[in-house]
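Trainee: In this text, residue positions in the first sequence follow the working numbering: the first is 2, and each later residue adds one.
Think of the CB as a built atom: it goes at the ideal place given N, C-alpha and C, for glycine as much as any other residue.
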Amino acid sequence: MDHIPASLTRTPESAQDAVLIQWEMRKYVRINDDFGTVKMIAGIDVGYDLQSNTSKAALVIMDIDRLMPLETVIATDPTPFPYIPGLLSFREAPVIIKALEQVKKKPDMIFIDGQGIAHPRGLGIASHIGILTGYPSIGVAKSVLCGNYKEPGEKKGQSSHLIYKGNKIGTALRSRDNVKPLFISPGHKISHESAVDFVQKCLTRYRLPEPTRIADKLSKFADKNI
DNA sequence: GCGACAG
DNA sequence: ATCTTGTCGC
């Protein structure tokens, strides 16, 4: 959708090739706010069925004000790539793109499970999806891939910077009292500040923001029979 | 070389 | 991610 060389959408022939694609793709990442009014947010998560070797992407479109689902989509595909830290995109992006192509409503913003720019090469899965689709995106991760941070205060809303090689790459955010922090980083077309704002607007009584929490449930329990 | 390591 | 039971804490 966005104007990037078609060769960057290729299936990597090896892990080394995948890394080359990431170095090239990172040039297109933008972390300045570039979106209009945000009414609908998409939460996306991927689950696996080890027996059939299939991946299942669950996508939910939520109204940002009511935090209620407006539409859901489930897409499945044979799992295409092994899990290699730093190369998660090549395992999950294809089936996620498939789900985004099937959804009827067009989201204004998408939350992806995993890192945005908080990645060794600045291209976590949220950035990867943002570049491929043109959608503004945010990485919502439950743990760190790279970088260091000071433990944020124990109260919901308290945060600290995630730093890597001297630069801020994300935010450690306490999403509710006394739980492990979430790691928020810009995926594409959004700033650190706005990324955290949108996640906070979607927090209720759980650790995960609603779009992510619902997508997570769907990826695990919906269509249990792939 | 050693340890770390999203989902 | 997924495999798995009970259990501690708000």
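1) Helix or strand or just coil, what does DSSP make of G154?
2) Just mark Y150 as buried or exposed, buried being the case when its beta carbon has 16 or more other beta carbons within 10 Å.
3) Looking only at its own chain, which residues have a Cβ that is under 7 Å from the Cβ of D35, when we skip the five neighbours before and after it?
4) Please classify T205 as buried or exposed, where buried requires at least 16 other C-beta atoms within 10 Å of its C-beta.
5) Check E72 in the structure and name its three-state DSSP category.
6) Would you report the Cα separation of Q103 and V74, rounded to the nearest angstrom?
7) Report the option in L209, P13, K57, F82 whose CA atom is closest to the CA atom of F112.
8) S161 by DSSP, collapsed to three states: which one?
9) So what's S15 in DSSP terms, helix, strand or just coil?
10) Would you list the one or two residues that DSSP bridges to P79?
11) Could you give the residue range of the alpha helix (DSSP H) that holds I185?
12) What are the residues that DSSP puts in a beta bridge with M110?
13) Within this structure, are the beta carbons of F82 and R92 separated by less than 7 Å?
14) Classify D217 as helix, strand or coil using the three-state DSSP reduction.
15) Nearest CA to the CA of D169: which residue from E155, G148, K181?
16) On the CB-based measure, 16 or more other CB atoms within 10 Å of its CB, does F184 come out buried or exposed?
17) Could you tell me whether the Cβ atoms of G115 and G123 are closer together than 7 Å?
18) Could you give the residue range of the beta strand (DSSP E) that holds V104?
19) Can you grab the Cα-Cα spacing for the pair S56 / N179, in whole Å?
20) With distance defined between alpha-carbon atoms, name the residue in I97, Y29, S144 nearest to G44.
21) Smallest Cα separation from E211: which of R177, A127, I22, G167?
22) Starting from I132, follow the alpha helix (DSSP H) in both directions and report where the run begins and ends.
23) Among residues of its own chain, excluding the 5 on either side of I85, which ones have a beta-carbon nearer than 7 Å to its beta-carbon?
24) Using a Cβ-Cβ cut-off of 8 Å (strictly less than) and excluding sequence neighbours within five positions of P108, which residues of its own chain qualify?
Mentor: The relevant details are as follows:
1) coil
2) buried
3) P137, K190
4) exposed
5) strand
6) 7 Å
7) L209
8) strand
9) coil
10) T55
11) From DSSP, I185 is part of no alpha helix (DSSP H) but of the beta strand (DSSP E) over 183 to 189.
12) I42
13) yes
14) helix
15) Checking the sequence shown, residue 169 turns out to be Lys, not Asp. Checking every option, the nearest Cα to that of K169 belongs to G148.
16) buried
17) no
18) That residue, V104, is in no beta strand (DSSP E); it is neither H nor E in DSSP.
19) 32 Å
20) I97
21) R177
22) 126 to 134
23) A16
24) M41, I42, A43, I62, Y136
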